[in-house]
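Enquirer: First the structure, which I've put down as structure tokens, then a few questions once you've had a look.
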Amino acid sequence: MKEKPTRGFVKCNTDGAVNQTIHKAACGGVIRDDTGAWIGEVARNLGSCTVLMAELWGILTTLQMVWDKGYRYVSLESDSAIVVSLINKGCPPSHPYVSIVSLINRLKMKDWQVQISHIYRQANQVADWIANYALCTYGFQYSQSPTSGLCEPYLAGCC
13 MKEKPTRGFV KCNTDGAVNQ TIHKAACGGV IRDDTGAWIG EVARNLGSCT VLMAELWGIL
73 TTLQMVWDKG YRYVSLESDS AIVVSLINKG CPPSHPYVSI VSLINRLKMK DWQVQISHIY
133 RQANQVADWI ANYALCTYGF QYSQSPTSGL CEPYLAGCC
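Residue numbering for the sequence shown follows the numbering used here, starting at 13 and increasing by one per position.
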């Protein structure tokens, strides 16, 4: 974890992945507490979609999980500046992703504090690994422990 969140907040990192060769898309997210301790991970195979849609699904899926787990102070990071802008600044009704952006923003309006910000890809390696792993899975998965194969250097310092 590059930077720890404000005390009392959970930190989430999300990512989307698309493999053009196998025509599949997926998303993943990692959830940590304010000390950097692992809380859980989400992985979802999406079938076929664009990388921006996969990024949006990563945010929606992770936020839904965090809400369901009862966390009410959330700092979420994505390496897609476009997606972060669509969520934080809004998108026009004619935008192709307006439906999922609206779902994310409705979820954000619940009784909790959610901060969504952009980070660079190099600081998002764990979420990237999980999203790529999810390309080879079916449906949705949540785990309270890191997926087997997620190497120690990732777990030690990068989110």
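We treat Cβ as the ideally placed atom computed from N, Cα and C, and that holds for glycine.
What are the residues that DSSP puts in a beta bridge with GLY28?
Expert: Against the sequence shown, residue 28 aligns to sequence position 16. BP columns for GLY28 point to CYS39.
Enquirer: So, with DSSP's three-state summary, where would you put ALA49?
Expert: Taking the sequence shown and counting its residues from 1, one reaches residue 49 at position 37. Coil, per DSSP.
Enquirer: DSSP three-state label for GLN153, please.
Expert: The residue given as residue 153 occupies position 141 in the sequence shown. If DSSP states are grouped into helix, strand and coil, GLN153 belongs with the strands.
Enquirer: Checking the sheet assignment: what are the DSSP bridge partners for ALA55?
Expert: Here residue 55 refers to the residue found at position 43 when the sequence shown is read from its first residue. In the DSSP output, where bridge partners are listed per residue, ALA55 has GLY40 and GLN153.
Enquirer: Looking at the secondary structure, which residues open and close the alpha helix (DSSP H) in which LEU88 lies?
Expert: What you label residue 88 is simply residue 76 of the sequence shown in a count that begins at 1. It is not in any alpha helix (DSSP H) - LEU88 instead sits in the beta strand (DSSP E) that spans 85-90.
Enquirer: Tell me the residue span of the alpha helix (DSSP H) that contains SER111.
Expert: Sequence index remark: in the sequence shown, residue 111 carries index 99 (1-based). From DSSP, the alpha helix (DSSP H) with SER111 extends over 110-120.
Enquirer: Which residue wins for smallest C-alpha separation from PRO44, given the options ARG56, LYS16 and TRP141?
Expert: Within the sequence shown, the letter at position 32 stands for residue 44. Looking at the sequence provided, one finds Arg at residue 44 rather than Pro. Per the Cα distances, LYS16.
Enquirer: Between which two residues does the beta strand (DSSP E) holding GLN134 run?
Expert: Your numbering for residue 134 matches position 122 in the sequence shown. Neither: GLN134 is in no beta strand (DSSP E) and is coded neither H nor E.
Enquirer: Skipping 5 residues on each side, what residues in its chain have a beta carbon closer than 8 Å to that of THR62?
Expert: Counting from 1 along the sequence shown, the entry for residue 62 is found at position 50. So the qualifying residues of the chain are VAL30 and ALA37.
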